[in-house]
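Going line by line, the protein sequences match chains A and B. Anchor point for the first sequence: position 6 equals 5 in numbering that gives the first Met the number 0, and the numbering is continuous, going up by one each time. Anchor point for the second sequence: position 7 equals 6 in numbering that gives the first Met the number 0, and the numbering is continuous, going up by one each time. Here is the structure we will look at.
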Amino acid sequence: MTDENDKNAAAAGSDIETDVVIVGAGPVGLFAVFQCGLLNLRCQLIDNLDKIGGQCAELYPEKPIYDIPSRVVITAQELVDDLMAQIKPFHPVFHLSQQCETLEQLEDGRFRVTTTAGKAFKAPVVVIAAGSGAFVPRRPPLAGIENYEGTSVFYAVRKRETFRDKRVLIVGGGDSALDWTLDLVPIAKRLTLVHRRDQFRGAPDSVEKMHALAEKGAIDFLLGQVTELRGTDDRLTGATVKSIAGDEVHEVDCDFMLPFFGLKMELGPIASWGLNLEKNLITVDTEKFETSTPGIFAIGDINTYPGKLKLILSGFHEAALMAQAAFKLARPDEKLVFRYTTSSTELQRRLGVAA
Amino acid sequence: MAHIYVTDHHGTEHRLDAVEGWRVMEIIREHGLPVGGGCGGACECATCHVYVDADWLPRLYPRHDEEEGALDRLYDAAETSRLSCQILYSADLAGLRLRLAPA
């Protein structure tokens, strides 16, 4: 029901109203939904990744974690999956592949948050659970690259047809580089793949296919790195590729470049939200995990306070205390009584497990 | 005394006390130099990238596949590149020299 309202709101271009906006859909952001949900607070989550789970899902889904209370061993992806199952009764709404952009405080005291996808939210509480920051594409530090971004240089393929009958330069050695090489070969006029070494971390099958294409001359595969870009205005015309040892230089003519260097984490626009920062971390109190701006909280790896430990379990604890404070802001006229899920019929009803 | 030499982004060399069994990334971070390590040493985020002095390179345990894969994501990966979270400090690395890669 809530989802439907949100869809309508988004379609109409109007603001999505909720109790809590959570920035970041990693494990701590997810558990914040649980703690808020027990108090009957509705949550909307924003994340720049195209999937739920933050670092756990993006960086090390298969890695085992041994310090989650009561979980002797659990992989990072299992942790995310279980958290999703745990918060299901609270119907969180996710807004993925978009980064928070602006934040302003409205006259009624609520916050208005906008995203890079053009969505806007209004809520009395904002919770920043952004970990080490938003995942954004790694940009190669090439002189003038910003002039070409969005016209000749893309970090993701949105419209495949853009590249029909064009000369395309793909850079990188992971699955994205390989997959797009294989995908664009049939339509591109000429395709050049550049990677720093002869081995790839992509799927073996794709690597084999790529090598086969290179052998029969269907693509050019160059070992090395792009060191210079050439072009006029915002249009790329070519690039210089140098071997890692620097002894070999190739000039590649191209209309487009697709650099695939994976993602990096950065604080991004949050840095300009006027919050007190310490070495790129948000300072909070340890009673409510509130930032220097009342109503804005920071939990998990993104915050700092005396004695802070960057552990998922610390983030869980911070989420629980934050939720108590969030309730008072979101429901100023209601009295909060502390109850346990073991004994409270009301909480069990919210969880959908009441007899 | 156990120590390593680390050149920062400004070209200044620092002599850092080292602890056996610590990752070099942890040693650098402990001394307050900017070294990243966002993934907590999982060999994933590639933000603890360093260039190891060429003389020292052959004395290190070689890169494994996972580290190579992480280095693939770095534009400025060179032959002397290592992720400092993957170098475990031991007594035979006393005097190790390296330079922090651009952030």
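Just so you know, even glycine gets a beta-carbon here, dropped at the ideal spot from N, CA and C.
For residue i, the residue or residues it bridges with in DSSP
i	result
C84 (chain B)	None; C84 (chain B) has no bridge partner.
M209 (chain A)	Paired residue(s): none; M209 (chain A) is not in a bridge.
P63 (chain A)	A:T74
K241 (chain A)	A:Q224 and A:V248
L97 (chain B)	B:V5 and B:V51
I412 (chain A)	This structure cannot settle anything about residue 412 (chain A), because the visible part of chain A is limited to 0 through 354.
M264 (chain A)	A:F134
I15 (chain A)	A:F120
E289 (chain A)	A:F296
L192 (chain A)	A:I169 and A:F220
G230 (chain A)	A:L235
Integer-rounded CB distance, given that residue j should sit under 8 Å from residue i
i	j	result
I27 (chain B)	V5 (chain B)	6 Å
V251 (chain A)	G237 (chain A)	6 Å
R200 (chain A)	D71 (chain B)	6 Å
V170 (chain A)	I218 (chain A)	That belief does not hold up - the Cβ atoms of V170 (chain A) and I218 (chain A) are roughly 13 Å apart, past 8 Å.
P91 (chain A)	L44 (chain A)	6 Å
L280 (chain A)	I295 (chain A)	Incorrect: roughly 14 Å between the Cβ atoms, too far for contact.
N151 (chain A)	M256 (chain A)	According to the sequence shown, residue 151 (chain A) is Ser rather than Asn. Going by Cβ atoms, the distance from S151 (chain A) to M256 (chain A) rounds to 7 Å, so yes, they are a contact pair.
T239 (chain A)	T226 (chain A)	5 Å
P33 (chain B)	L99 (chain B)	7 Å
Q76 (chain A)	E57 (chain A)	With 8 Å as the limit, Q76 (chain A) and E57 (chain A) do not qualify as a contact, their Cβ atoms being about 10 Å apart.
I67 (chain A)	L312 (chain A)	7 Å
A318 (chain A)	Q54 (chain A)	So it is not a contact: roughly 16 Å between Cβ atoms.
H48 (chain B)	S80 (chain B)	6 Å
V124 (chain A)	A329 (chain A)	6 Å
A122 (chain A)	D18 (chain A)	6 Å
L320 (chain A)	F288 (chain A)	6 Å
Span of the alpha helix (DSSP H) around residue i
i	result
P26 (chain A)	P26 to L37
L320 (chain A)	I311 to A329
L350 (chain A)	T344 to L350
Limits of the beta strand (DSSP E) - the one that residue i falls within
i	result
L20 (chain A)	Looking at the sequence itself, residue 20 (chain A) is Val, so the reference to Leu does not match. Unbroken beta strand (DSSP E) run through V20 (chain A): V19 to V22.
F296 (chain A)	I295 to A297
Q54 (chain A)	Segment G53 to E57 is the alpha helix (DSSP H) holding Q54 (chain A); no beta strand (DSSP E) there.
R22 (chain B)	Note, R22 (chain B): premise wrong, no beta strand (DSSP E); not H, not E.
P258 (chain A)	F255 to P258
D16 (chain B)	E12 to D16
Q43 (chain A)	C42 to I45
Interface flag, residue i vs chain C, CB-CB below 8 Å
i	result
Q97 (chain A)	Protein chains in the displayed structure are A and B, and chain C is not among them.
**Unbroken stretches of the beta strand (DSSP E), 3 residues or longer, contained in the region 28 to 93 of chain B** = Whole beta strand (DSSP E) segments, 3+ residues: 48 to 51 and 80 to 82.
**Item:** Ordered list of alpha helix (DSSP H) runs contained in the region 143 to 185 of chain A, each at least 4 residues
**Value:** Fully enclosed alpha helix (DSSP H) runs of no fewer than 4 residues occupy 144 to 147 and 174 to 183 of the region 143 to 185 of chain A, in order along the chain.
**Request:** Taking only beta carbons into account, state which residues of the region 59 to 91 of chain A come closer than 7 Å to chain B, listed in chain order.
**Result:** Going along the region 59 to 91 of chain A in chain order, one finds Y59 and K62 with a Cβ nearer than 7 Å to chain B.
**Item:** Chain-ordered residues of the region 229 to 261 of chain A with a beta carbon less than 9 Å from chain B
**Value:** Only I243, A244, P258, F259, F260 and G261 from the region 229 to 261 of chain A bring a Cβ to less than 9 Å from some Cβ of chain B.
**Prompt:** Which residues, in order along the region 129 to 163 of chain A, keep a beta-carbon less than 9 Å from a beta-carbon of chain B?
**Reply:** Answer in chain order: G130, S131, G132, R137, R138, P139, P140 and L141.
**Message:** Please give me, in chain order, every unbroken run of the beta strand (DSSP E) with length at least 3 that falls completely inside the region 70 to 144 of chain A.
**Reply:** Listed in chain order, the complete beta strand (DSSP E) runs (minimum 3 residues) inside the region 70 to 144 of chain A are 92 to 94, 99 to 104, 110 to 114, 119 to 122, 124 to 127 and 133 to 136.
**Prompt:** If you measure beta-carbon to beta-carbon, which residues of the region 0 to 20 of chain B are closer than 9 Å to chain A?
**Reply:** Residues passing the 9 Å Cβ filter: none.
**Request:** Return the residues of the region 68 to 87 of chain B that lie within a Cβ-Cβ distance of less than 9 Å from chain A, sorted by chain order.
**Result:** Within the region 68 to 87 of chain B, those residues whose Cβ lies closer than 9 Å to any Cβ of chain A are, in chain order, G68, A69, L70, D71, R72, L73, Y74, D75, A76, A77 and E78.
**Message:** Using a Cβ-Cβ cutoff of 8 Å, what residues of the region 32 to 49 of chain B are near chain A? List them in chain order.
**Reply:** Here the close residues are G37, C38, G39, A41, E43, C44, A45 and T46.
**Request:** Determine which residues of the region 165 to 179 of chain A have a Cβ less than 8 Å from any Cβ of chain B, and write them out in chain order.
**Result:** Residues G171, G172 and G173.
**Positions along the region 55 to 66 of chain B whose CB lies within less than 7 Å of some CB in chain A** = If the cut-off is 7 Å between Cβ atoms, the region 55 to 66 of chain B has nothing near chain A.
**Asked** Got a sec: which bits of the region 187 to 200 of chain A sit with their beta carbon under 9 Å from any beta carbon on chain B, in order along the chain?
**Response** Going along the region 187 to 200 of chain A in chain order, one finds H194, R195, R196, Q198, F199 and R200 with a Cβ nearer than 9 Å to chain B.
**Request:** Check each residue of the region 264 to 282 of chain A: if its Cβ is closer than 8 Å to any Cβ of chain B, include it; give the result in chain order.
**Result:** Here the close residues are M264.
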